[in-house]
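Okay, so here's the structure we're looking at.
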Amino acid sequence: MRFQKEDLMRMGFISVLSAPPIAFMAFDFFFPNISTPSLGKNMLVVFLLSILSGMPSGYFSRRVDAAMLTVILYVAVGYSLAVVFYSAPYLIFNLELLVPGFYYTMFFRFTVILLFLFVLGGFMGAVFGAMVRDSVRREETRLTFPEIVKR
Amino acid sequence: MVSIKDLRNHWFSTSMYLAFFLFFLVAGIVSALTYGTVVRVQEQVGLESASYDAQLLDNGSVEIAFSITLSNPSRYTLHLSTTTWTVRVVNITGEDRRSITLATEYIGPTIGLTVPARSDRTFDFATIVSDPSLLSELQGFINYSSSLGHHYTLSTIPYEHEFAAIAWIGEFRHDYVREGYLNDLVTIDERYVSGEGQ
Numbered sequence: 001m002r003f004q005k006e007d008l009m010r011m012g013f014i015s016v017l018s019a020p021p022i023a024f025m026a027f028d029f030f031f032p033n034i035s036t037p038s039l040g041k042n043m044l045v046v047f048l049l050s051i052l053s054g055m056p057s058g059y060f061s062r063r064v065d066a067a068m069l070t071v072i073l074y075v076a077v078g079y080s081l082a083v084v085f086y087s088a089p090y091l092i093f094n095l096e097l098l099v100p101g102f103y104y105t106m107f108f109r110f111t112v113i114l115l116f117l118f119v120l121g122g123f124m125g126a127v128f129g130a131m132v133r134d135s136v137r138r139e140e141t142r143l144t145f146p147e148i149v150k151r
Numbered sequence: 152m153v154s155i156k157d158l159r160n161h162w163f164s165t166s167m168y169l170a171f172f173l174f175f176l177v178a179g180i181v182s183a184l185t186y187g188t189v190v191r192v193q194e195q196v197g198l199e200s201a202s203y204d205a206q207l208l209d210n211g212s213v214e215i216a217f218s219i220t221l222s223n224p225s226r227y228t229l230h231l232s233t234t235t236w237t238v239r240v241v242n243i244t245g246e247d248r249r250s251i252t253l254a255t256e257y258i259g260p261t262i263g264l265t266v267p268a269r270s271d272r273t274f275d276f277a278t279i280v281s282d283p284s285l286l287s288e289l290q291g292f293i294n295y296s297s298s299l300g301h302h303y304t305l306s307t308i309p310y311e312h313e314f315a316a317i318a319w320i321g322e323f324r325h326d327y328v329r330e331g332y333l334n335d336l337v338t339i340d341e342r343y344v345s346g347e348g349q
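So the protein sequences, as listed, match chains A and B. The first sequence begins at 1 in the working numbering and counts up one residue at a time. The second sequence begins at 152 in the working numbering and counts up one residue at a time.
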């Protein structure tokens with residue numbers, strides 16, 4: 001089934017808003033001593049935050065496939081943002097980067113395992129988000145139509 | 152875009168989501184700026200105003216003095232780990248010893264010296280070479296140089312001064328065992344050798 005324009009807009013919106021946690025966690029994993037606040041390379045905390053980051057995609061999306069695709073999208077956007085953070089000395093402070101290939105390969109090698117965690121946690125979060133949304137809707141329906149629900 | 156009606160209906164979830172987004176966005180930007188600043192500190196900190204002198208004393212000994220300034224224009228305090236000063240005479244004609252080491256001064260990590268932010272610290276060292284065996288080696292160097300057409304005295308020998316300072320930037324953690332690059336990131340390693348680059 002094709003995505004409608006509204007679905008795509010929703011996916012884009014969530015991809016942008018869910019990206020900063022991914023970017024921060026990837027950057028913090030590489031530089032735990034200078035980032036603020038630091039998660040201290042605690043993989044459990046990273047995984048829990050990944051689940052939390054995935055919840056909005058399940059909560060705000062009406063379709064499961066859209067929610068899953070949104071998770072992959074925001075992980076990609078977030079990781080790209082982490083690379084931008086990682087390039088800060090050379091983008092903002094105009095310092096000279098001597099061996100760019102080695103520099104970026106090092107970042108990728110250290111953080112590639114996190115991508116799996118982000119996606120896995122994101123999928124789990126999307127499922128939880130959808131469950132929360134359904135639960136909220138049931139509650140709303142019960143409050144709106146108390147007579148019908150009682151019967 | 153997600154419709155305003157949607158967001159209004161889920162105002163609590165939306166507010167929490169925006170707070171979550173903003174928190175990590177700000178944390179990411181602050182961390183990236185800290186990273187940039189720390190990398191720039193590596194370029195800003197430097198050794199400057201090196202000066203050295205040698206004087207012949209009345210009793211035949213030689214007094215050698217050395218002074219250098221560690222400049223820290225950054226906004227972080229530098230915690231000095233070690234500083235070393237070595238003065239030697241390089242004697243490339245010697246078969247056994249390529250240099251005659253006259254004095255070494257080492258300040259270890261327990262001293263706790265700091266260079267506060269946006270300030271300089273000057274290190275002054277001095278030694279008196281009075282050991283007869285060292286003085287005779289220096290005299291031998293003078294005699295040999297003289298045979299090659301270079302006329303030196305004990306006070307005009309080209310003494311080579313080597314100074315090294317290792318310091319940690321600010322209060323950043325620097326005791327990682329496996330992740331050596333994290334220690335390197337917040338470490339200043341400055342070296343000076345007289346005559347180099349001249």
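Even for Gly, the Cβ is constructed at its ideal location relative to N, Cα and C. Since the model is a prediction, treat every value here as computed from it, not as a measurement.
Sequence-distant residues of the same chain with beta carbon closer than 6 Å to residue i, five excluded per side
i, result
"D271 (chain B)", "T220, S222"
"A315 (chain B)", "T235, R342"
"G197 (chain B)", "S222"
"T273 (chain B)", "T220"
"I258 (chain B)", "T234"
"A82 (chain A)", "A23, A26, F27"
"A254 (chain B)", "V238, T278"
Contacting residues, own chain, Cβ-Cβ under 7 Å from residue i (five flanking each side not counted)
i, result
"L152 (chain A)", "Nothing about residue 152 (chain A) can be reported from this structure: the residues present for chain A run from 1 to 151 only."
"F60 (chain A)", "R10, I14"
"S232 (chain B)", "P260, I317, A318, W319"
"Y103 (chain A)", "L97"
"T111 (chain A)", "A26, F29, F30"
Per-residue DSSP class, three states only, for residue i
i, result
"L73 (chain A)", "helix"
"L39 (chain A)", "coil"
"E395 (chain B)", "The structure shown does not extend to residue 395 (chain B), since chain B is modelled only from 152 to 349, so the question has no answer here."
"A254 (chain B)", "strand"
"N160 (chain B)", "helix"
"A268 (chain B)", "coil"
"R133 (chain A)", "helix"
"Y168 (chain B)", "helix"
"R249 (chain B)", "coil"
"S109 (chain A)", "Per the sequence shown, residue 109 (chain A) should be read as Arg rather than Ser. In the structure shown, R109 (chain A) sits in a helix (DSSP, three-state: H, G or I)."
"Y327 (chain B)", "coil"
"E147 (chain A)", "helix"
"V344 (chain B)", "strand"
"I380 (chain B)", "Lying before the first or after the last residue shown, residue 380 (chain B) is absent from chain B, which here runs from 152 to 349."
"E140 (chain A)", "helix"
"Q349 (chain B)", "Low confidence applies to Q349 (chain B): its pLDDT is 49, below 50, so where it sits in the model is not reliable enough to give any reading."
Chain A contact residues for residue i, given Cβ-Cβ distances below 8 Å
i, result
"E194 (chain B)", "L95"
"V190 (chain B)", "P89, F93, L95"
"L184 (chain B)", "A88, I92"
"L305 (chain B)", "What L305 (chain B) touches in chain A: nothing, since even the nearest Cβ is about 44 Å away."
Contacts around residue i, its chain only, beta-carbon distance under 8 Å, and the 5 residues preceding and following it disregarded
i, result
"L39 (chain A)", "M25, D28, F29, P32, V45, V46, L49"
"G331 (chain B)", "none"
"R226 (chain B)", "T188, A268, R269"
"L114 (chain A)", "M25, A26, F29, V46"
"L286 (chain B)", "G211, S212, V213, V280, L305"
"M209 (chain A)", "Only positions 1 to 151 of chain A appear in this structure, which leaves residue 209 (chain A) out of reach."
Residue of the options minimising C-alpha distance to residue i
i, options, result
"A216 (chain B)", "B:N210, B:T307, B:S225, B:A205", "B:A205"
"E311 (chain B)", "B:R324, B:A201, B:G259, B:D282", "B:A201"
"F85 (chain A)", "B:S182, B:T255, B:G263", "B:S182"
"I22 (chain A)", "A:A76, A:A67, A:K41, A:A126", "A:A76"
"T228 (chain B)", "B:Q195, B:S298, B:S296, B:N294", "B:Q195"
"I293 (chain B)", "B:L285, B:D282, B:L305, B:F174", "B:L305"
"F3 (chain A)", "A:D134, A:R62, A:V136", "A:R62"
Partners in chain B for residue i, counting only beta-carbon separations shorter than 7 Å
i, result
"I92 (chain A)", "G187"
"P20 (chain A)", "F172, F175, L176, G179"
"Y104 (chain A)", "Correct list: empty, because the minimum Cβ distance to chain B is about 14 Å."
"A23 (chain A)", "G179"
"L17 (chain A)", "Y168, F172"
"P56 (chain A)", "Y168"
"P100 (chain A)", "In chain order: nothing, as chain B lies at least about 14 Å away."
"P210 (chain A)", "No statement about residue 210 (chain A) is possible, as the shown extent of chain A runs from 1 to 151 and does not include it."
Check: residue i C-beta below 7 Å from any heavy atom of the ligand HEM
i, result
"F292 (chain B)", "The ligand content of the structure shown is nil, which means the ligand HEM is not present either."
Proximal chain C residues relative to residue i, where beta-carbon distance stays under 7 Å
i, result
"R324 (chain B)", "You won't find chain C in this structure, because its protein chains are A and B."
Chain-ordered chain A contacts of residue i [CB-CB under 9 Å]
i, result
"V337 (chain B)", "N33, I34"
"L221 (chain B)", "Those within 9 Å of L221 (chain B) in chain A number zero; the least Cβ separation is about 21 Å."
Amino acids of chain A, ordered along the chain, whose beta-carbon sits closer than 7 Å to that of residue i
i, result
"L229 (chain B)", "Chain A residues near L229 (chain B): none, gap ~16 Å exceeds 7 Å."
Chain B residues whose Cβ lies nearer than 9 Å to that of residue i
i, result
"L117 (chain A)", "The contacting residues do not exist; L117 (chain A) stays about 16 Å from chain B at best."
"Y59 (chain A)", "H161, S164, Y168"
"S28 (chain A)", "Here residue 28 (chain A) is Asp; the residue named in the question, Ser, does not match the sequence. Under the 9 Å cutoff, chain B gives A178, G179, S182."
Margin query: Restricting to runs no shorter than 3 residues, where is the beta strand (DSSP E) found entirely within the region 275-324 of chain B?
Written below: Every beta strand (DSSP E) of 3 residues or more that sits fully in the region 275-324 of chain B is shown, in chain order, as 311-320.
Note to self: Give the list of continuous beta strand (DSSP E) stretches no shorter than 3 residues that lie fully inside the region 45-105 of chain A.
What the structure shows: List check, beta strand (DSSP E) in window: nothing returned.
Margin query: Just to confirm the assignment: which complete beta strand (DSSP E) runs, minimum length 3, are found wholly within the region 191-243 of chain B?
Written below: Counting only runs of at least 3 residues, the region 191-243 of chain B fully encloses the following beta strand (DSSP E) elements, listed from N- to C-terminal order: 197-207, 213-223, 229-241.
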